[in-house]
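Here is the structure we will look at.
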Amino acid sequence: MKTKSILFFLSFISIILLTSFKSDKPLYSSKFVVVLDAGHGGHDPGKPTKYGFTEKEVALKIVLKIGAELEKNKDIKVIYTRKTDVFVTLRGRAQIANQADADLFVSVHCNAHHSQASGTETYVVGVANTKRNFDVAKQENEVILLEDDYETHYDGFNPNAPESLIGLTLMQEDYIDYSIMLAGMIESNFANKLKRKSRGVKQASLWVMHNTYMPSVLIETGFITNSEEGRYLNSSKGQTEISTAIKDAILEYKTSLDLNIGENIGAPRVQAISKDDDLEDTETSEPYSDVVFKVQIAASSKKLETKPFNFNGLSTVSRDKIGAIYKYYYGNTSDYSVIKDLLIHAKAKGFDTSFIVAFKNGEQVHLDKVLN
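Residues in the sequence shown are numbered from 2 upward in steps of one, following our numbering.
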């Protein structure tokens, strides 16, 4: 593709993405569209296992359960990339979501490792490719090599080359806050409702999410290679619990958008793994049970909608009126390490004078007293 054609295409896509923030949904569609993607399928079994079942089977069963529950909501339309054991190309999965003008793209997978590693991970598109994150991205992207004439369809993309992954974030940049918000809700449900080990929200260059023009997440529901977790993933009980946790997160995400609220949503900490093959605990610090931290990003006499387009793309923004002044806050969490990450993110978005504030029983308190 010639340079001018590339620049025109990217400009066209940027206009579409920016415009999408200024309208909740096209007038011709009143439903919230969720595309559910069961990873792998057909001649692509997914992650290897010695326990007699495959990733493609587990992923499909979980997706069908999620969809069956979501379809009970009259305001939601569910679309599947596959409902049977068939092979669907990565570009085909993205195309299904884009043609549906979906509000969410949720891809379900199982993890694998040579050790007895365990736990859940939810990925959003990003360039934080540590060795471990690159390995995950490489494994998920290698399905491209099973497609006929893949060199033509993927413009020379090589899933084995780190440099090929760097360019996979452009289309998703405008949706990253939304993707992180949903991913955090999913991992929170895994950890708090199911009491499972959560490895948190992570970033990797995954082709299937890169080419979708809506908030997108890829869920690693657990390690299929772990003897105990593998049995759980393959059980009816495990699949029902996992699907319910994901369904609940999607509904919570939709509600937060419908009500335009940010004060009850804590954006998660996006983890980067520093060790080459670190599969040990990656939990964040212990939260303050009776304290809520927020990042104050602005104060003004003007009342603004707490929509991302008013705050340089930041989601989960809340607003309080103090006297004649409106104060605007980003995030809501009891974990101080999380709020420090959100402060960095807010400043990167242009809110250079933003700072952390603390609340106890709904009243603002001195941050120093809380930390001491």
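We put the CB at the ideal spot given by N, CA and C, even for glycine.
Here the structure is a predicted model, which is why all the values come from computation and not from measurement.
Are the CB atoms of residue i and residue j nearer to each other than 8 Å?
{"i": "G68", "j": "Y52", "result": "no"}
{"i": "I97", "j": "V35", "result": "no"}
{"i": "E70", "j": "H110", "result": "no"}
{"i": "K48", "j": "T226", "result": "yes"}
{"i": "L252", "j": "P216", "result": "no"}
{"i": "K66", "j": "S244", "result": "yes"}
{"i": "F33", "j": "S119", "result": "no"}
{"i": "D259", "j": "N190", "result": "no"}
{"i": "L61", "j": "A39", "result": "yes"}
{"i": "S316", "j": "N333", "result": "no"}
{"i": "Y331", "j": "L343", "result": "yes"}
{"i": "T123", "j": "I63", "result": "no"}
{"i": "G42", "j": "F106", "result": "no"}
{"i": "G340", "j": "F294", "result": "Looking at the sequence provided, one finds Ile at residue 340 rather than Gly. A contact, by the Cβ cut-off of 8 Å."}
{"i": "A246", "j": "I187", "result": "yes"}
{"i": "D104", "j": "P309", "result": "no"}
{"i": "V125", "j": "S199", "result": "no"}
{"i": "A347", "j": "V296", "result": "yes"}
{"i": "L305", "j": "V59", "result": "no"}
{"i": "Y176", "j": "N99", "result": "no"}
{"i": "V371", "j": "V292", "result": "yes"}
{"i": "S237", "j": "Y289", "result": "no"}
{"i": "H121", "j": "G231", "result": "Checking the sequence, you will find Thr at residue 121 rather than His. Against a cut-off of 8 Å, the Cβ pair of G231 and T121 comes out as no contact."}
{"i": "Q117", "j": "S228", "result": "yes"}
On the DSSP letters alone, give me the boundaries of the beta strand (DSSP E) that residue i sits inside.
{"i": "Y233", "result": "Premise fails: Y233 lies in the alpha helix (DSSP H), S228 to N235, not in any beta strand (DSSP E)."}
{"i": "L219", "result": "S217 to F224"}
{"i": "D38", "result": "F33 to A39"}
{"i": "T82", "result": "T82 -> no beta strand (DSSP E), and no H or E assigned at all."}
{"i": "A359", "result": "F356 to K361"}
Just verifying my parser: in three-state terms, what is the DSSP assignment at residue i?
{"i": "L71", "result": "helix"}
{"i": "K308", "result": "coil"}
{"i": "H110", "result": "strand"}
{"i": "A103", "result": "coil"}
{"i": "Y337", "result": "helix"}
{"i": "D45", "result": "strand"}
{"i": "T55", "result": "coil"}
{"i": "G201", "result": "strand"}
{"i": "A118", "result": "coil"}
{"i": "V293", "result": "strand"}
{"i": "K350", "result": "coil"}
{"i": "T241", "result": "helix"}
{"i": "T50", "result": "coil"}
{"i": "Y327", "result": "strand"}
{"i": "S301", "result": "strand"}
{"i": "K196", "result": "coil"}
{"i": "Y124", "result": "strand"}
{"i": "E148", "result": "Confidence at E148 is low in this model, with a pLDDT of 46, below 50, so its placement is unreliable and the value that follows should be read with caution. DSSP places E148 in coil when its eight states are reduced to three."}
Hey, could you find the ends of the alpha helix (DSSP H) residue i is sitting in?
{"i": "A95", "result": "L91 to Q100"}
{"i": "A184", "result": "I177 to S189"}
{"i": "D321", "result": "From DSSP, D321 is part of no alpha helix (DSSP H) but of the beta strand (DSSP E) over V318 to I323."}
{"i": "L372", "result": "L368 to L372"}
The ligand COA and residue i: does any heavy atom of the ligand fall closer than 7 Å to the residue's C-beta?
{"i": "Y327", "result": "The ligand COA is not among the ligands present in this structure, which contains no ligands whatsoever."}
- Would you check if the region 313-327 and the region 354-361 touch, i.e. whether three or more CB-CB distances between them fall below 8 Å? no
- Give a yes or no on contact between the region 188-196 and the region 71-88, applying the rule of three or more CB pairs nearer than 8 Å. no
- Query: Three or more C-beta pairs closer than 8 Å, one from the region 342-355 and one from the region 301-310: is that the case here?
  - Reply: no
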